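A.B. asks: The opening residue of the sequence shown carries number 1 in this note's numbering; numbering runs sequentially from there. No residue lacks a Cβ here, since even glycine has one placed at the ideal position from N, Cα and C. Predicted model, so just to flag it, every value in this text is computed and none were measured.
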Amino acid sequence: MILQVRDLVMRLRSGGRDVTILDGVSLDVTARETVAVTGPSGSGKSTLLGLIAGLDRPTAGSIVLDGVEITNLDENRLARLRRDRVGFVFQSYHLIPTLTALENVAMPLELAGRPRRLERARELLDAVGLVDRADHYPSQLSGGEQQRVAIARALALRPPLVLADEPTGNLDSATGAQIIELLLSLNREHGSTLVLVTHDEALAGRGQRVVALRDGRVVAGG
Ligand SMILES: Nc1ncnc2c1ncn2[C@@H]1O[C@H](COP(=O)(O)OP(=O)(O)OP(=O)(O)O)[C@@H](O)[C@H]1O
Ligand SMILES: [Mg+2]
């Protein structure tokens, strides 16, 4: 099991009252599985992904990522785990605008002190079909191209778990479908696990399993 989420609760204080965003979410994901998380806007999808990524801490419950309980790790260990074990793809790409496509992909390799990082970054750009755009800046790339660079970057350190939050949200449906196929095929190739948030039913159906959230609870597929 690469990921075990147990009885996860997320409560926040907002406008003077407690709001329950996740209300006892449990979820098991096995290694190499591709899971799509769906649900209406506000159902807690991004909150769940953020907690799995260790970007925030839950009110209660447990998250075991690759054998490590992450909910009570200190910031340093959490940051290291995030860097080594998790790749992220976001709706808005989050590329660094002052770096070229190649440099964006090389960034995690550089932060981790890996050798041959430009060669490796070039291989990754090749895998997403963008080696001829290596020297372009994000502003010179289309949305779909920027997302492909972001995918190459997310996979650079070969993380066992890849998390993607609405990676096609800013793309037209044909480009979105291509991006999902690319994510699926690269995860298959790397033997990594993919947890993909999308409210596009057709795209969700491309995963091996669909988990549906509603009002902070799993209503199907958990
Ligand atoms: N920091 C916060 N303070 C108060 N409420 C929050 C906070 N973050 C999220 N929420 C609320 O929690 C609920 C779930 O938010 P979340 O972003 O996880 O939903 P989502 O399923 O990802 O929605 P979408 O499909 O629109 O991206 C929403 O009602 C949101 O308003
Ligand atoms: Mg969201």
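Hey, is the segment 63-77 in contact with the segment 108-125, meaning 3+ C-beta pairs nearer than 8 Å?
C.D. replies: Segments in contact, no.
A.B. asks: Out of D28, V9, L22, state which residue places its alpha-carbon closest to the alpha-carbon of I2.
C.D. replies: Answer by Cα proximity: D28.
A.B. asks: Comparing the C-beta of T47 with each C-beta of chain D, is any distance below 8 Å?
C.D. replies: Looking for chain D here will not work: only one protein chain is present.
A.B. asks: So, under 8 Å CB-CB, L85 and P160 are touching, yes? Tell me the CB distance rounded to an integer number of Å.
C.D. replies: Looking at the sequence provided, one finds Arg at residue 85 rather than Leu. Confirmed, Cβ separation roughly 6 Å.
A.B. asks: Express the C-alpha separation of G16 and L297 in angstroms, rounding to a whole number.
C.D. replies: Residue coverage of the chain in this structure runs from 1 to 222, which leaves residue 297 outside it and unanswerable.
A.B. asks: Could you round the C-beta distance between D165 and S46 to whole angstroms and report it? I think they count as a contact, below 8 Å.
C.D. replies: The pair is a contact, with the Cβ atoms about 6 Å apart (cut-off 8 Å).
A.B. asks: What does the shell around ligand 1 hold, if a residue joins when its beta-carbon is under 5 Å from any heavy atom?
C.D. replies: Per the Cβ criterion, the list is L12, S14, I21, S41, G42, S43, G44, K45, S46, T47.
A.B. asks: State the CB to CB distance for the pair A152 and V105, rounded to an integer number of angstroms; the pair is presumed to be in contact (CB under 8 Å).
C.D. replies: That belief holds up - the Cβ atoms of A152 and V105 are roughly 5 Å apart, short of 8 Å.
A.B. asks: Closest by CA to P58, which one among V211, L12, H136?
C.D. replies: Minimum Cα distance to P58 is reached at L12.
A.B. asks: Which two residues bound the contiguous beta strand (DSSP E) that contains R122?
C.D. replies: Element bounds for R122: not the beta strand (DSSP E) but the alpha helix (DSSP H), 117-127.
A.B. asks: Out of T34, R82, I52, P40, which has the shortest C-alpha to C-alpha gap to L157?
C.D. replies: The shortest Cα separation from L157 among T34, R82, I52, P40 belongs to R82.
A.B. asks: Just checking, does the segment 19-27 make contact with the segment 171-183 on the three C-beta pairs under 8 Å criterion?
C.D. replies: The segment 19-27 is not in contact with the segment 171-183.
A.B. asks: Just tell me which of R117, V149, R116, G143 has its CA closest to the CA of D132.
C.D. replies: Checking every option, the nearest Cα to that of D132 belongs to V149.
A.B. asks: The beta strand (DSSP E) with D7 in it runs from where to where?
C.D. replies: Start and end: 3-14.
A.B. asks: Could you give the residue range of the alpha helix (DSSP H) that holds A31?
C.D. replies: That residue, A31, is in no alpha helix (DSSP H); it is neither H nor E in DSSP.
A.B. asks: Skipping 5 residues on each side, what residues in its chain have a beta carbon closer than 6 Å to that of S192?
C.D. replies: P160, V162, listed in sequence order.
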